[in-house]
Structures are given as C-alpha cells and as structure tokens.
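All you need for my numbering is the position in the sequence shown, starting with 1, plus 46.
We treat Cβ as the ideally placed atom computed from N, Cα and C, and that holds for glycine.
One structure below.
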Amino acid sequence: MKNIPLLLLCFALNVYLSYGQIYYTSNGEITFYSHAPIEDIEATNKQVSCAIDIKEGKIAFSMLMNAFQFEKALMQEHFNERYVESHKFPKATFEGLIKDLEDVSLSKAGSYNIEVEGKLTLHGITKTVKSRGTIKVGIDKNVSAKSTFVVNLQDFKVEIPTMYIDNISESIEIKVDVKLKPKS
C-alpha cells in the first residue's frame, strides 16, 4: 500500500518527461541557390512544415513547391511550370532520422552538431540524402535546426532545357532553417 503513491509519482513523472518530445513548426524556411555563369538564382520558401520527434530521432519536412518566392516573377513562373512542374508535383517531402541524437541535450542550452539521413521526395522521385547540421537548444527550451546540402537536379529528373543550360546550375545548394516549439 505504501508503494502506490511512489508508483503514481513514477507514472506522472514518466508522462511529464515524455510530453513535449515532438517539436513542430509550420513556418520554417528553406532557401535554394543556383550559381551559373549568366545569372545566380535564389528563392525562399517560408511555409515549410517540420516536425522532430526527439524521443525517436525522427524528422520530417513538407513544403509546397509553388511557395518559393523569387526576386523576379518570371523566374518563379519558369521554376513552377518548366522545372519542378508544381502542378504535377506540388510537394517536396523529407522523412529521416537524426543519427547522433544521443549527443543532443534538451535540458541544456547549447548548439549540437548532428547528422541526418533520410528520403527526400522531389519532382516525384525519392532518393536517400545525408546532411550535417546543427540543433540549437535555447534557454527557453525552444529548438532550432539548420543544415546546408546540395541536390543534383539530374538525380530528381528535373530537366534544364538546352537554351537555359548556362542559366541554371545542375547542383543546387539547399539551406534549411527551422525554429520549432514543443507541440501542444
């Protein structure tokens, strides 16, 4: 009988500790950059959804391709109609694992280097990608994550018309920047 309060305390503590293991945002940011001889191209999508399950080490991203904003409206039109064909392939997604999550402490503010590996689906093609990045835990216990990696357009069957071959690089730099809060 004396152990019942102790068991209840352990149960309550377990529920408390497991609560808040999922961090989420719907306004993350992904920027891509293409360096080419004629013109550099950069666009940003600020409507990226991201969830990190800290307990399991799972991470997922989802974004609408037509939400990328370009400096020039014509670039945005060409991107959506000719290259990523956002009418056929409206979303890009990533589902993966944080490989070295045991090195990240959510109870201590700081910056932690991580490696992520998972499946990126873009233009209807799914490929395994790996990336290094950082998870930063703030004093307020909010979490931010950043990463930079390269995507080869050919791997995802994004075709560049011959007349634009000098305008767009085959390798596109992708920058991810998300600020997440515990999901309530």
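C-beta contact flag for residue i and residue j at 9 Å
i	j	result
N78	E216	This sequence places Phe at residue 78; Asn is not what is there. No, the Cβ-Cβ distance between F78 and E216 is not below 9 Å.
I160	A191	yes
K182	S157	yes
Q67	N91	no
G103	D223	no
K221	V189	no
A155	I185	yes
Residue i classed as buried or exposed, judged by whether at least 16 other C-beta atoms fall within 10 angstroms
i	result
L199	buried
T71	buried
I105	buried
L168	buried
L166	buried
M109	buried
S230	exposed
I214	buried
I98	buried
L147	buried
V196	exposed
Opposing strand residues paired with residue i [DSSP bridges]
i	result
V29	Examination of residue 29 is not possible in this model, given that the chain is present from 47 through 230 alone.
F140	F107, L166
R178	E161
N198	S217
P228	Y69
K173	L166
F116	A89
N-terminal and C-terminal residue of the beta strand (DSSP E) that residue i is part of
i	result
M109	104-110
E88	87-99
Cβ neighbours of residue i in the same chain (closer than 8 Å, five flanking residues each side left out)
i	result
G164	I105, F140, E141, G142, L143, T174, V175
E85	N213
P136	L110, M111, N112
Close Cβ partners of residue i (< 6 Å) along its chain, the five nearest in sequence each way excluded
i	result
E88	Y79
Nonlocal neighbours in the same chain, by C-beta distance under 7 Å from residue i, ignoring five residues either side
i	result
S132	M111, N112, N126
V204	Y129, V130, H169
K225	T71, N188, S190
S177	V162, S193, F195
First through last residue of the alpha helix (DSSP H) which encompasses residue i
i	result
G120	What sits at residue 120 in the sequence shown is Leu, not Gly. Taken as a continuous stretch (DSSP letters only), the alpha helix (DSSP H) holding L120 covers 119-124.
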